[in-house]
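Residue numbers (my numbering): -9 to 196.
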């Protein structure tokens, strides 16, 4: 990653407007059709949460704004993306785990299983500091409509939360919330990202 001059990027106006705002975060909600992902999870024995993280990374990788992030009072540009997931460790508490994004599902799955297993056993977070990490938190055992993340003023990373998916006769749906820093992207970028997440879910390889 490297520091960039905001005035030399497409985020110049947003940097000027939102970097010192007391609450620069926006949150969007979207209900996704995850019928195909649930089917793939069951047929191939793949974790549903892993598949969600891969589709999120795949969608984000197509939007250039995800490769920039305000850090402190600077704007940083990254060469790669990671997807963060929350892991229940062997002590019954939670730890944080960054998974490097890969276009190849098999590679991402192998990294996901290896790293989350490592974090669960060691109770130590796994951070990838040179990648722009997208935070996720899956509370799959709870039936929630969404959540608005807390803005700490320390971490400006985009963050996604979802709960239990809902099974219907012909369709399985999942509501997720997406929180992002307005300096990093505008509402149109966020809406496009959510549409791309649905597209990637609907076209995930069987």
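Built from N, CA and C at the ideal position, the CB exists for glycine as well.
Every value quoted in this text rests on a predicted model; they were computed, and no experiment measured them.
Problem set entry | Rounded separation between residue 86 and residue 98 - CA only | Note on geometry: alpha-carbon atoms of residue 86 and residue 98 lie some 17 Å from one another.
For this session: Consult DSSP for residue 152 and reduce its assignment to one of helix, strand or coil.
Result: DSSP places residue 152 in strand when its eight states are reduced to three.
Problem set entry | Distance CB(residue 8)-CB(residue 172) smaller than 7 Å | Yes, Cβ-Cβ distance for residue 8 and residue 172 is below 7 Å.
Exercise. Which class does residue 134 belong to by DSSP, given the choice of helix, strand or coil?
Worked result: Coil, per DSSP.
For this session: Count the other CB atoms, across all protein chains shown, that sit within 10 Å of the CB of residue 140; report buried if there are 16 or more and exposed otherwise.
Result: Flag for residue 140 reads exposed.
For this session: Measuring alpha carbon to alpha carbon, tell me which of 113, 131 and 149 ends up nearest residue 137.
Result: That would be 149, whose Cα lies nearest to the Cα of residue 137.
For this session: If I'm right that residue 24 touches residue 191 with Cβ under 8 Å, what's the distance once you round it to whole angstroms?
Result: Between residue 191 and residue 24 the Cβ distance is about 6 Å, and since that is below 8 Å, they are a contact.
For this session: May I have the straight-line CA-CA distance separating residue 2 from residue 50, to the nearest angstrom?
Result: A straight line joining the alpha-carbon of residue 2 with that of residue 50 spans about 21 Å.
Exercise. Leaving out five residues before and five after residue 203 in sequence, what residues of the same chain have Cβ atoms less than 8 Å from its Cβ?
Worked result: Within the shown structure, residues of the chain are numbered from -9 to 196, placing residue 203 beyond reach of any answer.
Problem set entry | Contacting residues, own chain, Cβ-Cβ under 7 Å from residue 106 (five flanking each side not counted) | Within the same chain, residue 106 has close Cβ partners 75, 77 and 87.
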